[in-house]
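Here's the structure we're looking at; comments come further down.
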Amino acid sequence: MRNQDNNRQACQHTSNAWRLNALAAAMAVAMGGFSAGAFAAAPAANSVIGNTATASYTDASLVSRNATSNTVQTIVQQIGSFTLTADNNKIVAPGGQVVYPHTLTNTGNGSDSFALSSAQDAGDNFDLTGFAIYADADGNGVPDNATDLTGTNVTLAAGGVFKFVVVGNAPGTALATQQGITTVTATAQTPALYTTSAITNTDTATVTADAVINVSKSANILTGPTGTVVEYTLTYTNTGNNTATDVTITDVIPQGTTPYGGMIYQAGSGTWSAGGALTDAAAGDPAGITYEITGTSPAQTVNVVIASVPANVSGTIKFSVQVDNSTADGNLKAAPGILTNTANFTYDPDGAGGTAPTASQPTNSVDFTVTQTSAVAANDTTTDSTQNGTPSGNDIVEVPTAGQGTTVVFSNIIWNNGNGPDRFNVTYANAGVNGFPAGTSFQLFQADGNNVLQDTNSDGIPNTPVVQPGEFYTVILKATLPAGATGNNGGNGFNVVKTATSVNDPTKIDTVTDQLQAITSNVVDLSNNTTPTLNSLG
């Protein structure tokens, strides 16, 4: 009767386990298969997300077992989203040229095409001549070529950015204060994916008879890892008919989104085309310019005041920054992605005249793409992410003893020491003569110790979930010992080496050793060696 009860209990445990798995699978379908950490970034369109549930139960022999469900897969649908920036207000001399910078960004999770068009408003004072849209891939505010993109489609992958400029000339007969207004439109070519499939910017040119200062910004390099040094150039030109005075340029050094770093100004890097090296303090600069760095690193601003710029005169200001590669400033390293830099400027357009300084105007925006750098450390501590070169200290996870036939549990900490989200493939290898005895079985588990570690990137190797920079994930290794093994392996213990490999960059690996120091015998001595007394007999 007791055996029947145990069998019924085992069947009930098994049934409950598979009910739990079915529930988990249903939840995976309802939730799209997302884990809590998966919401950090939108999954790509048409990608497959898998979810597998595992439950523990006790069989009729009262042995603990795990039951694993089938994997439920969900295909991510494409969601369309994009931005077009920005509106422009420019000052122009009669017959002068205006250049309006714009940026189109695909913020959706899949590729799409966008048509670029422009139209000059009917209710303004004049139309621009020689009107066209040109590519500006390097974002320096200057057309890359003479190919007019009006009416053409631009295809962008998810996260893709396309920079372009709209160029035109004011009529030579235009009068001061008259305006020419242009509407620039980007239209998505798969409208069903979008709530709004067209976005517009408005560009306005206002005519003046005084000075016209244009400031453009460029960089000597547009992509690189953390630690890259970038030289920015601010080019100013007076295309007007008067001398501009107190030409003031402010350039805020780009910062990342907390807790990630951005760019750090390089002390003493400023130079001026008309006067050579610049100091970072307000005093000590060449005549005709004040160059000062304000704020505390890394949140600093470049401030420039040029005393005067005559008509048809140009010049440059240069300085350097470094992409944050350190945590010394209280931030993490700069994250993979785009750091955008835009300066602003204002000036007095008529020198000693009565005209007030112009309103602040932005330069073109320059994007620097921070590439991902991967790094990993595997150890036994949640407080130190240092990667050690030899298996010692935190690189060895030790369990003193375990009985024959029991299961030994090792907890390994996998650190993401890179600058971007990453997953890490996890493998293990028995350590030869110092390894576990023959007949030992191993299995990798997730941090909860119950669910088997899954292969979520379809390369045939179990891996961690996505781990954010500076964070860690715990991987559990369970080693079930054979019933007949004992001892301490000649004092060397029993070792298995676990390897963590970056999925983003498989050349970045680290190892940690799991060590059981001794296997104890489970034999119980049932003999009774006590000599009975006569009083105890009968």
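Numbered per the numbering used here, the sequence shown spans residues -19 to 518. Where a beta carbon is used, it is the ideal one built from N, C-alpha and C, also for glycine.
Taken in chain order, the stretch 396 to 436 contains no complete alpha helix (DSSP H) segment of 4 residues or longer. Counting the other CB atoms within 10 Å of its CB gives Asn321 a total of 16 or more, which places it among the buried residues. Between the alpha carbons of Ser253 and Ser177 lies a gap of roughly 45 Å. For Ser91, the closest alpha carbon among the candidates Ser97, Gln159 and Gly60 is that of Gly60. For the 7 Å CB-CB criterion, Leu496 and Val413 do not form a contact. With a cut-off of 8 Å on Cβ pairs, the stretch 174 to 192 is in contact with the stretch 74 to 91, counting three or more such pairs. Spatial neighbours of Pro278 in its own chain (CB-CB distance under 6 Å, excluding positions within 5 residues in sequence) are listed in chain order as Ile244 and Asp309. Contact between Thr270 and Ala262 is confirmed by a C-beta separation of about 6 Å, below the 8 Å threshold. Asn443 is a Cβ neighbour of Asn437, given a cutoff of 7 Å. Secondary structure within the stretch 331 to 393: the beta strand (DSSP E) runs of 3 or more consecutive residues, fully enclosed, are 346 to 350, 356 to 359 and 376 to 383 (chain order). In this structure, Thr366 is the residue among Ala411, Thr165 and Thr366 with its C-alpha nearest to the C-alpha of Ile393. Counting of Cβ neighbours within 10 angstroms places Pro486 among the exposed residues, the total staying below 16. Counting of Cβ neighbours within 10 angstroms places Val28 among the exposed residues, the total staying below 16. Judged by DSSP secondary structure, Glu451 falls outside any beta strand (DSSP E); it is assigned neither H nor E. Contact between Thr223 and Gly331 holds, with the beta-carbon distance rounding to 5 Å and staying under 8 Å.
Only residues of its own chain outside the window of five on either side were considered, and among them Ser61, Phe62 and Thr63 have a CB closer than 7 Å to the CB of Thr87, listed in chain order. The three-state secondary structure of Leu258, taken from DSSP, is coil. Ranking Asp104, Ser306, Phe299 and Ile113 by CA distance to the CA of Asn399 puts Ser306 first. Secondary structure of Pro171 (DSSP, three-state): helix.
Under DSSP, Asn181 takes part in a beta bridge, and its partners are Val164. Inter-residue distance for Ala199 and Thr349 is about 12 Å (C-alpha atoms, whole angstroms). The shortest CA-to-CA distance from Thr165 to any of Asp328, Pro74 and Thr65 is the one to Thr65.
In terms of CA proximity to Asp375, Val477 leads the group Ala323, Leu312, Gly275 and Val477. For Ala199, the three-state secondary structure derived from DSSP is strand. Residue burial is scored here from C-beta neighbours: Ile55 has fewer than 16 other C-beta atoms within 10 angstroms and is therefore classed as exposed.
When Cβ pairs closer than 8 Å are counted between the two stretches, the stretch 147 to 164 is seen to touch the stretch 102 to 113, the count reaching three or more. Rounded to whole angstroms, the separation of the alpha carbons of Ala355 and Asn396 is 6 Å.
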